[in-house]
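Chains as they are written, first to last, in our numbering: chain A, 1 to 607; chain Z, 1 to 607. Contents: one structure, followed by commentary.
Protein chains: 2
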Amino acid sequence: MIPPSASRTTEPDIRRERRAMIDTLLGPGHADIVLQGGEIVNVLSGEIYAADIALQGEYILRTGDCSELIGPETTVIDVSGKVTMPGLIDAHMHFESAMLNATEFTRLSLASGTTTVVADPHEIANVLGPAGVREMAEECSQLPNRIHLRVPCRTPDVPGVETAGVDIDFNSIPEMLDYPTVDGIGEIQGVAAPKLVYAHTPEVFDDVIASTAYAEAHGKIVDGNAAAIFDNELAAHIIAGGTEISCHETTTKEEAVEKLRNGVFVLMREGSTQRNMAECIRAYTEEGLDSRRLCLCTDDMLPDDLAAKGHMNDVVRRTVAAGIGPAVAVQMATINPATWMGLRNVGTLAPGKLADLLVVDAVETMNPAIVYVAGRQVALDGELVIEIPRYEYPDSVKHSIMRGPVSPEELSIAHDGPTAAVRVIGLIPDQNLSAEIDAELPVVDGIIQASTAEDLLHIAVVERHGHTGEVGRGFVHGFGMQRGAIAETVSHDTHNIIVMGTHVVDMAGAVNAVIALGGGIVLFADGEVVDQLPLEIAGLMTDMLDAREMASASARLTAAAQSQLGVTVHGPFMHLAFLSLATSPTLKITDRGLLDVTSYTIVPAAM
Amino acid sequence: MIPPSASRTTEPDIRRERRAMIDTLLGPGHADIVLQGGEIVNVLSGEIYAADIALQGEYILRTGDCSELIGPETTVIDVSGKVTMPGLIDAHMHFESAMLNATEFTRLSLASGTTTVVADPHEIANVLGPAGVREMAEECSQLPNRIHLRVPCRTPDVPGVETAGVDIDFNSIPEMLDYPTVDGIGEIQGVAAPKLVYAHTPEVFDDVIASTAYAEAHGKIVDGNAAAIFDNELAAHIIAGGTEISCHETTTKEEAVEKLRNGVFVLMREGSTQRNMAECIRAYTEEGLDSRRLCLCTDDMLPDDLAAKGHMNDVVRRTVAAGIGPAVAVQMATINPATWMGLRNVGTLAPGKLADLLVVDAVETMNPAIVYVAGRQVALDGELVIEIPRYEYPDSVKHSIMRGPVSPEELSIAHDGPTAAVRVIGLIPDQNLSAEIDAELPVVDGIIQASTAEDLLHIAVVERHGHTGEVGRGFVHGFGMQRGAIAETVSHDTHNIIVMGTHVVDMAGAVNAVIALGGGIVLFADGEVVDQLPLEIAGLMTDMLDAREMASASARLTAAAQSQLGVTVHGPFMHLAFLSLATSPTLKITDRGLLDVTSYTIVPAAM
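The following block contains the structure:
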């Protein structure tokens, strides 16, 4: 099987195939496959009705009564009682969030009916630059689903307040847009806060515009990132992105209304920890806005959810459960994103389209029965029936920690006097934003101490890309941790080493164990590693586990964090990893220090 | 002003313009123009509400409350009480039908708010081949509206039963697709009747597929022509055209439903003589199908209507009058066709889009108040305020009649016996289809005679492209003509000379007068020219009249046909011109003879 992402069907092939289909239709001849006796979700007309589907080669011949197209050589699939729809599209996601390579993600995603994935390799790009993107593109080009990569146009997100492994700007764009499977530019986070960026670093706009204009001139797509901006700011963001951008960071009805009115494709996020569909959908259900630019996406999926619930089929199920008509819900994961992406050959069930299909028991339950890609059955009852070989990344991406050990002293904050008034990052569960809290902490031997009683822990970010070796230090509230430390190389978006703990000695131990591991997550207490998960690809993902193994490893680590370190928040590693995200409010931490995101300035931890 | 059709904005220009818009939005600065105090039709959200529109250079800055963007240098246009919408799009039309060149058509069309026109130069192509298409493309590239030409992939429509000036096939496609303003392939009439073509000339499919696959590979669009076909036939037609085709030949609700379900963009025709919107729209109003692939078009406009009623504004007005919500009706002439055409920069009012705007008094009346193209006011109260110079085609396209005079004998049908049983073409008013009627006619001196008493006239098509000189002969019913003859070089689709009359002597006189004129329409009686209209461009259009002059000339000729020749049908010249259209049922006439369109065979006039 030629991987669809890599396939370059030639014009002579297309001519031959189309003539052969016409021979079958008018000969009359017989289809290769007929799915008979079920219903279809016709996302073109917005209807669900009884119809067969006839396939030939990689394509759909037609829908409707296809009995005349059945001959002795036709494979007839009885789908009575079932519903067939176009293969689902995830309009925006990051493989890295599941800590799996694209191959292992695909293994479960495809089996549950997601045949097209728009993936943004933003995390590996922050660590390894274009070289990392190229490796992921290479992997994606060999997979049987359709992957559309969107390359970042800038790393780090906010220059001057954080340090990425490689700085990407317009100069890298022409090369990256030529990598296999790349069809556009990923979320333009560098101008996510237009007023702030314009006030501080207006030249960032020139760079972003250079990239997006280049992309547009080459027929590529641009993803926006327009969290909570309106009016002139929203217009400026849209214009920086080009004429038709998306936004997957819409969290309120008011935002959804404003963005739809301004031509933004609103990708309603329903990932593992961030769920915005129920709110965004109100623009359609309550305000009656046209739904054609509402799409669904996951952004960040935990491996546990992928293994237990599926991928876009679960998102569609939740959308139907929220009261949206089944045909409209399926449109949001098929024709709507396909239209946005300019894809004319997938996302609908019509003559001549690629036969990417998902057969389910019912749209309300979305349990996958059969999945086809390009006319070939790839999954049955939620399990792949094709071989997808394990994929191993080259060594070049597996040694991404470019620093030596850290000492407890480097993680400490000195202070004069018996106590210190400190600025604390307040964790907000299920959000990638944070609060800013004022607190008072004791000082011992001139060093500010954590307070487990008040749930005030140390937090630090240790530069690990070999540039400065700097350490940003501060305090955090909300994890409930009682002993030890947690360190990880997943730390948005520049992915330095983030560490939190009750004491700087265990914190240094955790960081140094992560370094020794070559990247990953380490739980550390009383001088010993409690548990660990190696993430050897850029410190973000692993080749060594499949999705189900990763799901159980992730569950094991979470349980250990809770039972042995006393952590109370769910999903502690993903929550911790977002505390360094420099583009979302309010108080964050980077390798440069505590970051006030409302002003893009580094502020002291102790006042 | 750079003609939009020809403009090739460079990437550095775009970068500069976008940065300048961002400077205005975030500076904050001031817009060039603000349309203040009115309502907008937001085709993105499907709403109509109060909002200003701010423009800068060629673009829309934003909509909403734009008062902060007004400065001393801003031109503020008071549009209170008015409604602004995106400039309208005619999704399918032929300039030739109005007998005007594109320049004169544009003069009225643009003034009434149609800023984008998809034009199919199918008629000039049948006469002059690629050379004619190139001349029209050259003209279109100099006009201020946005013209998208769709080149024919085959002339004649039905090889073997009619003779075109130049035979076009795949070999001409690469060259023609490179002409200025060309964005696709026009209606694929050659496979409009798939079963018939497949049975008689299956190789036509290979040729059409070669052209459409080439077009697709080069990012071009393909128009279908799927009149009254269903099931396997419709699927075969769609596949021959590629994956996403249009059809402007849909005349029943059932057809509209079937086509929408199969992914066809249904271009509801509301031209001068063929009106299908009221029927097609029932797929939406009665069956509840998604309206996003329903578009509006005119196909063929008479100059009289263009002058008296306007262009797409009149079509939208009629659609609203038919009970369609105003925002939905406007979508059908803006975002829907723009989406089909893959145009991301027109068809909506959003930041960064080209400022093509139509301000009207109300969506119910659609009287044009102001029209903008690319941020420049081009019309006010239905009159252009920019200069569009008259355009003269080169001499090379003005001498397209390649034959000498015809004799009365060549137009006669010999027969033995006192009477003859004849096959008669039955005119059906307001349709391009015809009936087949059996009749009995007297024979004098071995020649079959017409019968004005029974409204049975002679009809003939005289080959005029210099290939065969042949004459096809027959009889016609339905015009009510009492004396003389009418001849014209407008004669779909190959545009030989079609002539009808009460007597072959006057018919020969009419044909020879048309030849002497170098193409056009001639009314002839009792040995003299009664009236005539020169159409010197390919025998189809003229440079010499503007639309209003053409409207009165056309009205004058029609009046003369009625008062002096006794014609009773309205629009006699357009009706006559369609009696040679070989792709629409039932009995037609070409230069090869009477054509039975249901079997694509030439049949004798006398049995």
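Glycine is no exception: its CB is placed at the ideal position from the N, C-alpha and C atoms. Since we're looking at a predicted model, the values are computed, not measured.
Compare the beta carbon distance of residue i and residue j with 7 Å and say whether it is the shorter of the two.
{"i": "residue 348(A)", "j": "residue 219(Z)", "result": "no"}
{"i": "residue 425(A)", "j": "residue 587(A)", "result": "yes"}
{"i": "residue 40(Z)", "j": "residue 351(A)", "result": "no"}
{"i": "residue 443(Z)", "j": "residue 421(Z)", "result": "no"}
{"i": "residue 295(A)", "j": "residue 332(A)", "result": "yes"}
{"i": "residue 392(Z)", "j": "residue 543(Z)", "result": "yes"}
{"i": "residue 104(Z)", "j": "residue 460(Z)", "result": "no"}
{"i": "residue 298(Z)", "j": "residue 541(Z)", "result": "no"}
{"i": "residue 359(Z)", "j": "residue 79(Z)", "result": "yes"}
Could you tell me which residues DSSP puts in a beta bridge with residue i?
{"i": "residue 485(A)", "result": "501(A) and 524(A)"}
{"i": "residue 458(Z)", "result": "475(Z) and 501(Z)"}
{"i": "residue 75(A)", "result": "33(A)"}
{"i": "residue 59(Z)", "result": "56(Z) and 354(Z)"}
{"i": "residue 532(A)", "result": "522(A)"}
{"i": "residue 85(A)", "result": "358(A)"}
{"i": "residue 267(A)", "result": "295(A)"}
{"i": "residue 374(Z)", "result": "According to DSSP, which records beta bridges pairwise, residue 374(Z) is partnered with nothing at all."}
Could you check whether the Cβ of residue i sits closer than 7 Å to any Cβ belonging to chain A?
{"i": "residue 405(Z)", "result": "no"}
{"i": "residue 211(Z)", "result": "no"}
{"i": "residue 289(Z)", "result": "yes"}
{"i": "residue 62(Z)", "result": "yes"}
{"i": "residue 134(Z)", "result": "no"}
{"i": "residue 336(Z)", "result": "no"}
{"i": "residue 2(Z)", "result": "Any answer about residue 2(Z) is weak, because its pLDDT of 43 lies below 50 and its placement is not dependable; what the coordinates show is given next. Taking Cβ atoms only, chain A never reaches closer than 7 Å to residue 2(Z), which makes this a no."}
{"i": "residue 256(Z)", "result": "no"}
{"i": "residue 243(Z)", "result": "yes"}
{"i": "residue 506(Z)", "result": "no"}
State yes or no: is the beta carbon of residue i nearer than 7 Å to at least one beta carbon in chain Z?
{"i": "residue 17(A)", "result": "no"}
{"i": "residue 138(A)", "result": "no"}
{"i": "residue 198(A)", "result": "yes"}
{"i": "residue 170(A)", "result": "no"}
{"i": "residue 325(A)", "result": "no"}
{"i": "residue 7(A)", "result": "No answer about residue 7(A) holds up, because its pLDDT of 49 lies below 50 and its placement is not dependable."}
{"i": "residue 177(A)", "result": "no"}
{"i": "residue 188(A)", "result": "no"}
{"i": "residue 13(A)", "result": "no"}
{"i": "residue 489(A)", "result": "no"}
{"i": "residue 143(A)", "result": "no"}
Can you give me the C-alpha to C-alpha distance between residue i and residue j, rounded to a whole angstrom?
{"i": "residue 112(A)", "j": "residue 281(A)", "result": "24 Å"}
{"i": "residue 64(Z)", "j": "residue 35(Z)", "result": "10 Å"}
{"i": "residue 476(A)", "j": "residue 558(A)", "result": "19 Å"}
{"i": "residue 184(A)", "j": "residue 216(A)", "result": "9 Å"}
{"i": "residue 189(Z)", "j": "residue 190(A)", "result": "50 Å"}
{"i": "residue 175(Z)", "j": "residue 141(Z)", "result": "16 Å"}
{"i": "residue 376(A)", "j": "residue 355(A)", "result": "8 Å"}
{"i": "residue 526(A)", "j": "residue 509(A)", "result": "9 Å"}
{"i": "residue 52(Z)", "j": "residue 44(Z)", "result": "16 Å"}
{"i": "residue 511(A)", "j": "residue 119(A)", "result": "30 Å"}
{"i": "residue 166(A)", "j": "residue 464(A)", "result": "12 Å"}
{"i": "residue 549(Z)", "j": "residue 402(Z)", "result": "28 Å"}
Determine the chain C residues that contact residue i at a beta-carbon separation under 9 Å, and present them in chain order.
{"i": "residue 418(Z)", "result": "Absent from the structure is chain C; the protein chains it does hold are A and Z."}
Determine which residues of the region 561-592 of chain A have a Cβ less than 9 Å from any Cβ of chain Z, and write them out in chain order.
Here the close residues number zero.
Could you run through the region 259-274 of chain A and flag, in chain order, every residue whose CB is less than 9 Å away from some CB of chain Z?
260, 261, 262, 263 and 264
Name the residues in the region 19-39 of chain Z whose C-beta lies less than 9 Å from a C-beta of chain A; which are they?
19, 21, 22, 23, 24, 25, 26, 27 and 28
Could you list the residues in the region 429-452 of chain Z with a C-beta less than 8 Å from some C-beta on chain A, going in chain order?
Contact residues of the region 429-452 of chain Z toward chain A are absent (C-beta to C-beta distance below 8 Å).
Name the residues in the region 337-351 of chain A whose C-beta lies less than 9 Å from a C-beta of chain Z; which are they?
339, 342, 344, 345, 348, 349, 350 and 351
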